[in-house]
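Peer 1: Protein chains in written order, with my numbering: chain A, 1 to 125; chain B, 1001 to 1816; chain C, 2001 to 2520.
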Amino acid sequence: MEGFMAVVVGIFFTVAIYLMLSQYIIRILLGVAILGNAVNMLLFVAGRVTREAPPIIGKGADMLPATAANPLPQALILTAIVISFSFFAFLLVLAYRAYQTLKTDDTHQMRLAEPEDAPPPPLGY
Amino acid sequence: MAAHDAPYIFLALIAPFLAAAIAPLLTRALGHWAALPLALVPAGIFAFFCRALPDVQGGQALTGGYLWVPSFNVSYSWLIDGLSLPFVLLISGICALILLYSGGYLKGHPQQGRFFSFILMFMGSMLGVVVSDSFLMLFIYWELTSITSFLLIGFDHSREASRRAAIQALVVTGGGGLALLGGLLLVWNITGVSTISLLIEYAPALKASPYYFAALLLILGGAFTKSAQFPFHFWLPNAMEAPTPVSAYLHSATMVKAGVFLLMRLQPALGDTPAWETILPVFGGVTLLAGTVIGLRQTDLKLMLAYTTVASLGLLVMMTGFGTPHALESAALYLIAHALFKGTLFMVAGAIDHEAGTRDITRLGGLWRAMPLTFAAAMLAALSMGGLPPFLGFLAKEEVYEALVGTNPRALAFTLAAVIGNGLMFALAFAVALKPFVGPQRDLPGPHHGAASVAPPSALPGISHSRGENGKAHGHHIHEAPPLMLTGPVVLALAGLAAGIFSQAFHATFSSPMTSAIAHEAREITISAVPHLSLPFALSLVTIALGVVVYFLLDRAREAAAASLEAIGWGPDQGFDQAMRGLIKGAHVITRKIQTGRLETYIMVVFIVIAATLLLPMAIFAEWPSLPVWPAEAGIHELVIFAIAVIGLFAVVRAADRLTAIVSLGIQGFAVALIYMLYGAPDLAFTQFMVETLSVVILALVMTRLDLQPSDHRHGREMVKDALIALACGAGFTLLLLRAVQVPFNTSLTEFFSQWSKIVAHGSNVVNVIIVDFRGTDTLGEIAVVTITGLVILALIRIRVGGDVKPADNDPERSA
Amino acid sequence: MAASSIPLEALEKSMVLAPVPAEHWLVIAPPVWCMLVGAILIMVRKRMGLQSWLSIPALGGLVLIDAALLAVVIREGPITMVMGRWLPPFGIAFTVDLTGALFNLACGIAALAGGIAALGDIDRTRRTYGFFPFLFLMVGGVSGAFLTGDIFNLYVWFEVLLISSFGLLILGSEREQLDGATKYAILNLIGTTLFLIAVGILYAVFGTLNMADIAAKAPTLGHDAPMMTLSLVFIAAFMMKAAAFPVNFWLPASYHTPRIVVAGLFAGLLTKVGVYALIRVMVMMFPEEGNAYSIVIGVVAVLTMLTGSLGAIAQSDIRRMLGYMVITGIGIILSGVALGAQTAISGALFYSLHSMIVMLALYLMAGIAGRMGGSFSLHELSGLYAKSPLFAALTLALFFSVSGLPPFSGFWPKAMLVKAAFDFGAWWQGAAILVSGLLTTIAATRAFALGWWRMPASGAVVPARMTAAELIPLAGLTLLSVGVGIYPEPLLALAQTAASGLLEPVAYLHSVFPSGVPTP
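What follows is the structure, encoded as structure tokens:
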């Protein structure tokens, strides 16, 4: 199953990166959201994919059956989902505030920190 | 002086820095009289090292030192032999005289204490250069001399010319210093030794190495820049922006000699090769001629002296590299002679400036009545510089000609250069020493003490910046320089005379051991002040004749020099300014090209790099995955969910309005959650659902508050470009992931978790146990991230520039 | 917990049963301390006085903890503590070797200096909205990154320090800050995401996340695994974090926008985390691949150095000039990493430590200059020497230090790196280091001449004094640089030992796996 899923992961990345290459902040953020999903799926596939049986130890058993899914990548992905969601939320609010202050969400216009007409330093001594 | 003197030698090397630390305090307490106690430090060092004279005379070299950085093979070790000892004595002796001189010259200057401090720091640095045995120690002190020279040249930093000169000196000598570092490290690499005393033994290996020439060039880079050889000479005349004591000390007697010292020190290791014997004389000869010709054009006393210094340094380099018998002897003699007479002349020029208010030779005259002692010292120095018996300068010149005479073309060319150069220097020497004093009394601005010749930054009101004028009545009573300013010139001038008269003793004590150390074999100098008929003497007479003629035709010579220089037009000094401006503008252009200011460009470059990172190694190192196998039991429902996810993705890309974009994002997110569920990750699916919902909600909130269109219309070319980059990255990730999962999987961690979750950690849901127990520290970090995010968002929303913070109901800032 | 209900053999196979020596708790102390203090500070956000009284002593305490940790590591070699006592490589191990301990101490010193300077630089509003908690959590994240022995845990600490840095960056919400923060956030997010992807691929290949385990297993994989591609992805991710050319756009775009203390801490700490991670992964864990990519890293290093030093010359804003000097320093460090031998790696480590201290000090200096002179632009700045000669002296010392001139701390690592370059035939790298040093000297002395030596057009200059909050950190860091410059032996020897420990991580592996590395 990993082969097929790897291709799907690739599609996710492609779309995410395409969106992130936009000049509008909001599109970049859409791309960030999808990028997060892409990475999580990559982690999931990396841990090798099995079928349905979740990694929960049954009532009478002491260990997981051999057919259970790999629990470690799931734990890693859980951490990654939460972290990427926090970043996504922050970026959204930042974009909101930036739009309010800079009055635009077009990155070509966001030239406050690096103005276009920055002069060279004094040529004398 | 013996090995157990090591702590005292160390103290002597450190003492100048200690004195420099207390100099400002001392000056605040004693005013300009602080020069006296401070001068005791160099005088003491002078006396201390005199004790080494007997040993060094006998051919012994004193070594010693301490471990400094053993892990890098660097020791703090010194080598005091015939070469370094005269330097040490010159450096410390002249420093004492210069401190006294500065006491008088800068009397009343608010920053005189700092000046003393810098001079002392310089002395300490220069001492370190000449006694260093270890390469890196030598380099460190070398750069320290550049730094202290920078501080001293820029002493009067309110003027742009001073700043420019200081930067120029630092850049040129510092740049040369870096070349020197490269050269020293290269020599270390070739021979495996890092001290000079050991290097001598490896000299044959060094000279035979294929990297010899590179090392030589690098070291010459350092030496030539420091010793102002053409075309690196231009910083020295500009350094005349510094107060005259600095010019007298650094830029004639000591610092500029550091390059020559280095060449002499490394002569046994690097010398006696065709490269050495070609490059040094050529550069030296050109410098000699260039210096004197440009010097002829000058009217400022200090500049005339500066250019003759350049010329003298050229002569020194030329003789150090000439390779014939007597060449090294002449270099040693001339070096000492030059230090003595040039120091005197600079101090005289400073005294004239101080008392008469100007340094312009066309305006000076008739000072002999008012400043007789200064005049006497000046004449003694000029006679030495001109090469007349019985002065030390005569001995040096004779020895130079002795070394140069020969019948091959090389000897003829350089002899001619030497004669012309020396002749012009004769003229310039007397121009400085004679012209201001003889002749009718002229209208002169009059004395200004301390303040105006070196204008301090106008932190103090009321001090004028104009140089040379102080508004007092013309022809004001000019008197002799104060004793503090007379001691130096008189002592040095008399020394030049005494050395010539008592030449036997002088040779035995100083010049023969010096030459022996340079040549690394016993040499003896026998020349005396008594002239005897020979070719060198004939050349001396020619030189003197030439000098006298030029002296009397000085104005015409000046015009001729000026005309020819104008004809050439461009010089390295302008080149430096052009280079700097070009560098700044070029750097500006390059940086703007790279750092465009557009986020879109930045992101694009990043992803191009990522695509290359993924695809190139796979191609180059053949890490392609093998063809994946279509999963045997892929159910329809799985394929459908994948399809929904992909459709959602494309819907986001193509979304034409906000609602579609938000809904599509949600669709792809929920599809991913379903995928997780299908493959045995219910916790993951649950979290994904929640997070996706939250994301969609927040996204909707933000997008509806702002008036945005979520779709951006990219034009054809841009769309293709972006699509290609995205496809490349996506393909790269897919291929890498495929390849990675084709590696046999190490299941040990999974087995561990599955084995012990219930038994040891008492949990059935293994994923939860991992999150909470096995890998709890990750969760700690994750929680920290969420907390901080909350705070950050609060700060983002609450703080508004302009102060219109709107406190919420539960804001702690809100007053009840 | 009823230990008796767990069979002993299960405990033996799953946990570390040997008692933990008391001093090993120092391994986890720095991040825990920072998070604890950060949490307390969040609770007392509105109490200004209490914040200062808590923060500065806490930072002092952090320095003491870091120093004690370094002392223990010097005495005993690398020490490991596993979280939850789970047997490594199954649990998360924190392994501190000399490299980690040295970086950690330098981080602590920088944090203390920054904290003291913040007392003067950070206003009330910013303190209410969390300056000190952000500071502590950022430092905690940096410490955690230096001390952890687990690669996914490293990613988590990266994210902790990243989000805290976002907080510091936007605090104050000025327009430039929001603009700079947007670029900083998005580009750094891409960087850490790339790192996470690399970790994912690494897990797919190795099946384990413990650094020592990976280091032991890497040589055995051979052609089985896409190691070259994986290594390059790691290199790319860390190059982004460390601000190497050509992925360093975020640094000059944002470092000059926040308060000067924030910029200084960023300059000192954040890029060095990237460098540290690169060294840990490519020198210790994947040395073969690291050697194979030596040319790539070398070329990147040279380009970074040269574009950085040229960039410094081209700026009129002194804060932006300093940003480019940070980049130049990174290039120099990377050239040491590229050469890969013990002498080169020790030079790179030494330079990193020097850079952490001196870059922070330079930013603090810029802050004082801006306050005294009223502007950060070289077109307007003037007369600072006349205002405060002491300040000018400290500034000049720092400028010379960053240019690599003796007798300051920047000289020794540069000499080591140039020598290493010559020893390994990489003449072009040695030449690039020397040339970039000259260019940096030009940029620095020009700035000094224009801003400090040059007098204002009006002529009159009012003397100014530095406040205690300004002087103490600046003077302290400068004296540290001078001290190390005059007597570098202790630090140099430590750096060499640390480099050996990275190149031959026998001791590191032994501390994690006292009874040998487990074979699958």
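Cβ atoms here follow ideal geometry from the backbone N, Cα and C, with glycine treated the same way.
(1) How about Arg2280/C and Met2211/C: are their beta carbons less than 8 Å apart?
(2) So with CB distances below 8 Å, who are the chain C contacts of Glu1480/B?
(3) Taking DSSP's pairing of strands, which residues face Phe1283/B in a bridge?
(4) Taking the C-alpha atoms as reference points, what is the distance between Ala2244/C and Tyr2293/C?
(5) Express the C-alpha separation of Gly1177/B and Ser86/A in angstroms, rounding to a whole number.
(6) Does any C-beta atom of chain A lie closer than 8 Å to the C-beta of Thr2257/C?
(7) Within the same chain, show all residues whose beta-carbon is closer than 6 Å to that of Ala2421/C, passing over the 5 residues directly before and after it, in chain order.
(8) Going along the chain, which residues of its own chain have a beta-carbon closer than 8 Å to the beta-carbon of Pro71/A, five neighbours each way excluded?
(9) Between which two residues does the beta strand (DSSP E) harbouring Val2096/C extend?
(10) Can you give me the C-alpha to C-alpha distance between Phe2399/C and Gly2172/C, rounded to a whole angstrom?
(11) Hey, is Pro1210/B's beta-carbon within less than 8 Å of any beta-carbon in chain A?
(12) Near Ala2018/C, which residues of its chain fall below 8 Å by C-beta distance, leaving aside the five closest residues on each side in sequence?
(13) Rounded to whole angstroms, what's the CA-CA distance from Ile1799/B to Thr79/A? Just pull it up for me.
(14) Report yes or no: is there a C-beta of chain A within less than 8 Å of the C-beta of Leu2378/C?
(15) Assign Ser1102/B to one of three DSSP states: helix, strand, or coil.
(16) Buried or exposed for Met1485/B, going by 16 or more other Cβ atoms inside 10 Å?
(17) Please confirm whether Val1260/B and Ser1227/B have their CB atoms less than 8 Å apart.
(18) Taking the alpha-carbon of Phe1537/B as reference, which of Glu1143/B, Ile1119/B, Glu1398/B and Phe1733/B has the nearest alpha-carbon?
(19) Pull out every residue of the segment 2289 to 2314 of chain C whose Cβ sits closer than 7 Å to any Cβ of chain B, in chain order.
(20) Could you spell out where the beta strand (DSSP E) holding Met2285/C opens and where it closes?
(21) Assuming Ile2081/C is part of the alpha helix (DSSP H), what are its boundary residues?
(22) Please name the residue in Phe1115/B, Leu1333/B, Leu1678/B and Ala1619/B whose C-alpha comes closest to that of Ile1636/B.
(23) Candidates Thr1407/B, Pro1231/B, Val1530/B and Tyr1202/B: which alpha carbon is nearest Met1575/B's?
(24) I'd like the list of long-range same chain contacts for Gly2108/C, defined as Cβ closer than 6 Å, with 5 residues on each side in sequence excluded.
(25) Using only CA atoms, which one of Ala1223/B, Ser1754/B, Gly1154/B and Glu1638/B lies nearest to Gly1175/B?
(26) Does the distance from the C-beta atom of Ala1258/B to that of Met1347/B stay below 8 Å?
(27) Indicate the three-state DSSP secondary structure (helix, strand or coil) for Glu116/A in the structure shown.
(28) If you follow the alpha helix (DSSP H) that Tyr1401/B is in, where does it begin and where does it stop?
(29) At a CB-CB cut-off below 7 Å, which residues of chain C make contact with Arg97/A?
(30) Give the C-beta separation of Ala1681/B and Ile1667/B to the nearest angstrom, bearing in mind that I take them to be a contact with Cβ-Cβ under 8 Å.
(31) Please return the same chain residues whose Cβ sits closer than 7 Å to the Cβ of Ala2236/C, not counting the five positions on each side in sequence.
(32) Can Asp1360/B and Thr1299/B be called in contact, C-beta distance under 8 Å?
(33) So, are the CB atoms of Leu19/A and Val1653/B less than 8 Å apart?
(34) Go ahead and pull the three-state DSSP assignment for Gly2521/C.
(35) Please report how far the alpha carbon of Ala1740/B lies from the alpha carbon of Thr2125/C, in whole angstroms.
(36) Counting contacts by CB-CB distance shorter than 8 Å, is Gly126/A in contact with chain B?
Peer 2: Put simply:
(1) yes
(2) Under the 8 Å cutoff, chain C gives no residues; its nearest Cβ is about 35 Å from Glu1480/B.
(3) Beta-bridge pairing links Phe1283/B to no other residue.
(4) 15 Å
(5) 52 Å
(6) It does; some Cβ of chain A falls within 8 Å.
(7) Gln2429 and Gly2430
(8) Taking Pro71/A as the centre and dropping the five residues before and after it, the same chain places the C-beta of Pro55 and Leu64 closer than 8 Å to its C-beta, in chain order.
(9) Ala2093 to Val2096
(10) Roughly 30 Å between the two C-alpha positions.
(11) No - not a single Cβ of chain A is within 8 Å of the one on Pro1210/B.
(12) none
(13) 30 Å
(14) yes
(15) Helix at Ser1102/B.
(16) buried
(17) Yes, the pair counts as a contact, with Cβ atoms nearer than the cut-off.
(18) Glu1398/B
(19) Taking 7 Å as the cut-off between beta carbons, the residues of the segment 2289 to 2314 of chain C near chain B are Thr2307, Leu2310, Gly2311, Ile2313 and Ala2314, in sequence order.
(20) First-last for Met2285/C: undefined, no H or E at that position.
(21) Reading the sequence as shown, one finds Met at residue 2081/C and not Ile. No alpha helix (DSSP H) holds Met2081/C; the beta strand (DSSP E) holding it covers Ile2079 to Val2082.
(22) Leu1678/B
(23) According to the sequence displayed, residue 1575/B carries Gly and not Met. It is Pro1231/B whose Cα lies nearest to the Cα of Gly1575/B.
(24) Leu2062, Val2063 and Asp2066
(25) Ala1223/B
(26) no
(27) Here DSSP, grouped into helix, strand and coil, assigns Glu116/A to coil.
(28) Leu1392 to Leu1404
(29) Under a criterion of Cβ atoms nearer than 7 Å, the residues of chain C adjacent to Arg97/A are, in order, Ser2173 and Leu2178.
(30) The pair is not a contact, with the Cβ atoms about 19 Å apart (cut-off 8 Å).
(31) Leu2194
(32) yes
(33) yes
(34) Limits of chain C in this structure are 2001 at one end and 2520 at the other, which puts residue 2521/C out of reach.
(35) Computed Cα separation, rounded: 50 Å.
(36) No answer is possible for residue 126/A: the residues shown for chain A start at 1 and end at 125.
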